[in-house]
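Participant: Each number in our numbering corresponds to the 1-based position in the sequence shown with 11 added. Quick reminder that beta carbons are idealized off the backbone N, C-alpha and C, glycines included. Bear in mind that the values here come from a model prediction, so they are computed numbers and not experimental data. Below is a structure I'd like to ask you about.
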Amino acid sequence: MNVSSVPIKAIIFDLDGTLVSSRLDFAYLKRELACPKNVDLLEHVNHLPEAQKVEAHRFIYNHEMEDAAQSSWLPGAQEFVDLCLSKKIPMAIITRNMRDAAMLKIQHNNIPIDLVLTRDDAPPKPNPEGLLRVANKWRLNPDNIMYIGDFLYDIEAAINAEMWSCLYAPEELSDYAHKADLVIQDFSELEHKITF
Numbered sequence: 012m013n014v015s016s017v018p019i020k021a022i023i024f025d026l027d028g029t030l031v032s033s034r035l036d037f038a039y040l041k042r043e044l045a046c047p048k049n050v051d052l053l054e055h056v057n058h059l060p061e062a063q064k065v066e067a068h069r070f071i072y073n074h075e076m077e078d079a080a081q082s083s084w085l086p087g088a089q090e091f092v093d094l095c096l097s098k099k100i101p102m103a104i105i106t107r108n109m110r111d112a113a114m115l116k117i118q119h120n121n122i123p124i125d126l127v128l129t130r131d132d133a134p135p136k137p138n139p140e141g142l143l144r145v146a147n148k149w150r151l152n153p154d155n156i157m158y159i160g161d162f163l164y165d166i167e168a169a170i171n172a173e174m175w176s177c178l179y180a181p182e183e184l185s186d187y188a189h190k191a192d193l194v195i196q197d198f199s200e201l202e203h204k205i206t207f
């Protein structure tokens, strides 16, 4: 089934790299926390001894908050959010950010989306629990919701939740782009590629 033939009744967004900029240097964070390249940073930190875990969380917290204070809307994202508002399309944000950093980004950029789940609220993506919790709150079938993100975990979370997935890839296509139902370089494309 093609996504253009299905009415999309709600949109869930990733935050960093989708709606707003992020300058977090994950390679640096991994090096500083001795996290292997092929291991998820949050998984690595969760398996550290308690004292090291506390220190690692503090280190990540400081970097996330600094990044949040410098964030800005990505091109076309604000216009698409405004379009959804004008059409009364329910919107939510699900992010692997911690709550403090996510809320700072949302306030700093005046993002008009109230329903926000962070890694403090639900298991981080690609776990689909957060997406399914939002679908349940809206009383919508997952197949009437699109999740838009810029990374593999976003696409996998949407697949795991049986939602439509949209990969935002403004520069170059990743090797997992084929997994997404829809790939866009600019938010303006969505107006013509989905049916509200």
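Terminal residues of the continuous alpha helix (DSSP H) containing Leu52?
Facilitator: What you label residue 52 is simply residue 41 of the sequence shown in a count that begins at 1. It spans 52-57 - the alpha helix (DSSP H) in which Leu52 sits, taken as one unbroken run.
Participant: Just how far apart, CA to CA, sit Ala67 and Glu200?
Facilitator: For the purposes of this step, residue 67 is taken as residue 56 along the sequence shown, with counting starting at 1. For the purposes of this step, residue 200 is taken as residue 189 along the sequence shown, with counting starting at 1. Using only the alpha carbons, I get a separation of about 40 Å.
Participant: Since I believe Tyr187 is in contact with Ile166 (beta carbons under 8 Å), could you give me their beta-carbon distance rounded to a whole number of angstroms?
Facilitator: Residue 166 sits at position 155 when you count from the first residue of the sequence shown. Residue 187 sits at position 176 when you count from the first residue of the sequence shown. Confirmed, about 6 Å.
Participant: Find out if the Cβ-Cβ distance for the pair Val92, Ile122 is shorter than 9 Å.
Facilitator: For this step, residue 92 is matched to residue 81 along the sequence shown. For this step, residue 122 is matched to residue 111 along the sequence shown. A contact, by the Cβ cut-off of 9 Å.
Participant: Could you spell out the range, first to last residue, of the beta strand (DSSP E) harbouring Phe24?
Facilitator: Counting from 1 along the sequence shown, the entry for residue 24 is found at position 13. Run containing Phe24: 21-24, per the beta strand (DSSP E) assignment.
Participant: Which residues does DSSP list as the beta-bridge partners of Cys95?
Facilitator: Working through the sequence shown from its first residue, we reach residue 95 at position 84. Looking at the DSSP assignment, Cys95 forms no beta bridge with any residue, so it has no partner.
Participant: Going by other Cβ atoms of all chains shown within 10 Å of its Cβ, with 16 needed for buried, is Arg34 buried or exposed?
Facilitator: Your numbering for residue 34 matches position 23 in the sequence shown. So Arg34 counts as exposed.
Participant: Find out if the Cβ-Cβ distance for the pair Leu26, Ile104 is shorter than 9 Å.
Facilitator: In the sequence shown, counting from the first residue as 1, residue 26 sits at position 15. In the sequence shown, counting from the first residue as 1, residue 104 sits at position 93. In contact: Leu26 and Ile104 (Cβ atoms closer than 9 Å).
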